[in-house]
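Q: Let me begin by handing over the structure; questions about it come next.
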Amino acid sequence: PALTEFLRLYPEVQAELVLNDRIADLIEEGFDAAIRIGKLDDSGLVARPLAPYRMLICAA
1 PALTEFLRLY PEVQAELVLN DRIADLIEEG FDAAIRIGKL DDSGLVARPL APYRMLICAA
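Residue numbers (the UniProt record's numbering): 1 to 60.
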């Protein structure tokens, strides 16, 4: 919802969603922002927690 509202307010901004299970080099690959789950390794990146998370192992 927040991204939709942001894009509505700023139509000149384009968003591209990339989903993967690897840790990308954000600077090398040209990303402006990222949402990651888990502990952030020591880096020079600016990071802020968005919400707590809990991991579960499930089987059926």
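Even glycine gets a Cβ: it sits at the ideal position worked out from N, Cα and C.
Bear in mind the structure is a predicted one, so any value in this text is a computation, not a measurement.
Measuring only the C-alpha atoms, how far is A47 from M55?
A: 20 Å
Q: Let me know the secondary structure DSSP gives L19 once reduced to three states.
A: coil
Q: I need the straight-line Cα distance from residue 106 to A59, nearest angstrom please.
A: This structure cannot speak to residue 106, because the chain is shown only from 1 to 60.
Q: At 4 residues or longer, and completely inside the UniProt domain "LysR substrate-binding" (1-60): list those alpha helix (DSSP H) runs for me, N to C.
A: 2-9
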